[in-house]
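Residue numbers (the working numbering): 1265 to 1901.
This report refers to the structure that appears directly beneath it.
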Ligand SMILES: Cc1cc2nc3c(=O)[nH]c(=O)nc-3n(C[C@H](O)[C@H](O)[C@H](O)COP(=O)(O)OP(=O)(O)OC[C@H]3O[C@@H](n4cnc5c(N)ncnc54)[C@H](O)[C@@H]3O)c2cc1C
């Protein structure tokens, strides 16, 4: 298979405009003849469904929560980037483009990243028009703060609840279209399979989470905006329901999966407290604007932080990276924290923690300002740990947070299955091997509000998908497949819980394909995962029945998919014999311990294709070329 990106050629600053002009249009009266399925109602899916409804298409939108407004995007805390240059501090579309390509360690497609930077400015206007209450400065202008990997302030925020406010904006736009009858909403529906007819995506199979009813939904195109797969690690900052099922089952129907090993470990999470913990909590990267990160200089120093004098503290990020200091990108900050803890300088009972200290900022700005900026985060931290960050430094440690990998898409956000579009965290598109903070919300909304409305019309106008009946053989086959998986999970009469398997799988992936990876560990994981997967199918116990609200069954299906995805992640990580961004192969590092890329051999997107059960997936490469931001050793010193 050859991967064609359809990225336009010519000057990059005109490429999106030129591309849009060349896309075919559907006249307003004809749009209502097309049905579009959108799976997902987070920022990417919600924005897409609302925009497509507004354009006049018939949209069916699905989510597994009881309301679209509970999509995981609601958890996003810190902010959303846009190259508005309100602070007059040197920002521009080109600088956001440059920072993002460099931040992703030169493993993203330049044309996509430029477009993202370009439309970032429209997103803010759109959201303000919707009434999103972004923080404002005294004079009334929108305020900005800084996030990792940038030396300008370009992050728009609504305290520590940016995702919630943005999602409420998208949700209102979606509800308006639901009210107008342009969008039909299907909450509490789990997409279990993709229906592919004559090579085109033509529908989905869903299971109602209320009563287990399996249904077929047909359409002219399918949009997946189903979020990331960070829960493969079991412990992560993602909501418990986040899963890979929709994209994984699409992969098994022929969509290529790109860069599965590119996962993001976020440096500022509340450390794990015990073996039976099931969820981790993020402390937003925004705290690194004002929080200073340090460890005691002496290994094993167990004194209370207030008893450790300045001279015996190591502000290791400020020391190692004087230009960016505490605002180095996430991959670098995470590895640096791990290195300190590995050297015995970690804090807290487990030794797996570093301090994030707001005391200097409180002295400088006053408690009130800090509370205005981060109040809800500080309160959340105190509720979880019982410690008051206004008085003692927070303890933080890296945790699984985001996945840069996802289904491969071209410049039009279409996967390798014609008619299947993938948006937001579910695709692989714009962040390369490491996503910069505050760029996921930007990408999800760019995809949903500003890209898919153009590109899907072009597909429909050119492909002219013929009518297909809901009882077509491909639909029946997908129903049979979904029902068989459910039945198999319920029929097993094993002894172990779904969670116990998930926890064990997550530990294998974290230990061997987490912050650090090496050949021996990855090979070990690749031998352990299939054994555990086999035991899962023999020995899992799923209580309850299909015809009821059954979260154990729901989770079991997701964990079954995580088993397969975990294997692909390790395979991809083993195959990529270089370090880049979040993919840190311990064998490939600079003398200073930074990621060492191998551009001559690995400057490509690795896209994996399913070849059937018990067959190795096939690797197809999309070569990456850099005409504007030339690859160099990333330096934040
Ligand atoms: C704690 C936390 C804080 C964050 N803070 C920031 C931040 O400050 N700035 C930033 O840029 N990014 C942040 N991120 C990342 C960002 O929130 C996510 O990448 C982004 O919100 C993902 O949006 P999405 O629309 O792609 O997916 P989601 O919001 O995850 O939505 C997925 C949708 O798909 C549906 N779905 C999934 N599977 C199925 C299925 N099988 N069947 C039916 N429906 C399905 C769900 O119901 C949901 O509606 C944060 C992430 C976390 C975990």
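Beta carbons are placed, not taken as given, at the ideal position from N, Cα and C, and that holds for glycine.
Heavy atom of ligand 1 within 6 Å of residue i beta-carbon
i, result
"residue 1502", "yes"
"residue 1317", "no"
"residue 1784", "no"
"residue 1426", "yes"
"residue 1708", "yes"
"residue 1821", "no"
"residue 1329", "yes"
"residue 1433", "no"
"residue 1305", "yes"
"residue 1341", "yes"
"residue 1337", "yes"
"residue 1455", "yes"
"residue 1491", "yes"
"residue 1826", "no"
"residue 1509", "yes"
"residue 1546", "yes"
Limits of the alpha helix (DSSP H) - the one that residue i falls within
i, result
"residue 1308", "1307–1319"
"residue 1602", "1594–1606"
"residue 1787", "1783–1803"
"residue 1292", "1292–1295"
"residue 1436", "1426–1444"
"residue 1285", "1276–1286"
"residue 1387", "1374–1394"
"residue 1510", "1509–1516"
Residue i, buried or exposed, once every other Cβ within 10 Å from all chains shown has been counted against 16
i, result
"residue 1795", "exposed"
"residue 1755", "exposed"
"residue 1735", "exposed"
"residue 1522", "buried"
"residue 1285", "exposed"
"residue 1669", "buried"
"residue 1526", "buried"
"residue 1751", "exposed"
"residue 1317", "buried"
"residue 1602", "buried"
"residue 1530", "buried"
"residue 1566", "exposed"
"residue 1548", "buried"
"residue 1595", "buried"
C-beta atoms of residue i and residue j nearer than 7 Å
i, j, result
"residue 1429", "residue 1397", "yes"
"residue 1844", "residue 1484", "no"
"residue 1559", "residue 1618", "yes"
"residue 1652", "residue 1673", "no"
"residue 1491", "residue 1500", "no"
"residue 1313", "residue 1486", "no"
"residue 1399", "residue 1421", "yes"
"residue 1375", "residue 1271", "yes"
"residue 1657", "residue 1569", "yes"
"residue 1366", "residue 1898", "yes"
"residue 1267", "residue 1884", "yes"
"residue 1343", "residue 1394", "no"
"residue 1489", "residue 1688", "yes"
"residue 1315", "residue 1346", "no"
"residue 1697", "residue 1505", "no"
Residues that residue i bridges to, as DSSP identifies them
i, result
"residue 1228", "With the chain running from 1265 to 1901 in the structure shown, residue 1228 is simply not present."
"residue 1873", "1882"
"residue 1706", "BP columns for residue 1706 are empty, so no partner."
"residue 1481", "1468"
"residue 1558", "1619"
"residue 1488", "1303 and 1686"
"residue 1415", "Beta-bridge pairing links residue 1415 to no other residue."
"residue 1578", "1559"
"residue 1868", "1887"
"residue 1533", "1546 and 1661"
Segment limits, beta strand (DSSP E) that includes residue i
i, result
"residue 1820", "Premise fails: residue 1820 lies in the alpha helix (DSSP H), 1815–1839, not in any beta strand (DSSP E)."
"residue 1685", "1684–1686"
"residue 1325", "1322–1326"
"residue 1450", "1447–1450"
"residue 1459", "1453–1461"
Neighbour flag for residue i against chain B, beta carbons, 7 Å
i, result
"residue 1288", "Looking at the structure shown, chain B is missing, and only one protein chain is on hand."
Any non-hydrogen atom of ligand 3 within 6 Å of residue i CB
i, result
"residue 1689", "Absent from the structure shown: ligand 3. Ligands present: ligand 1."
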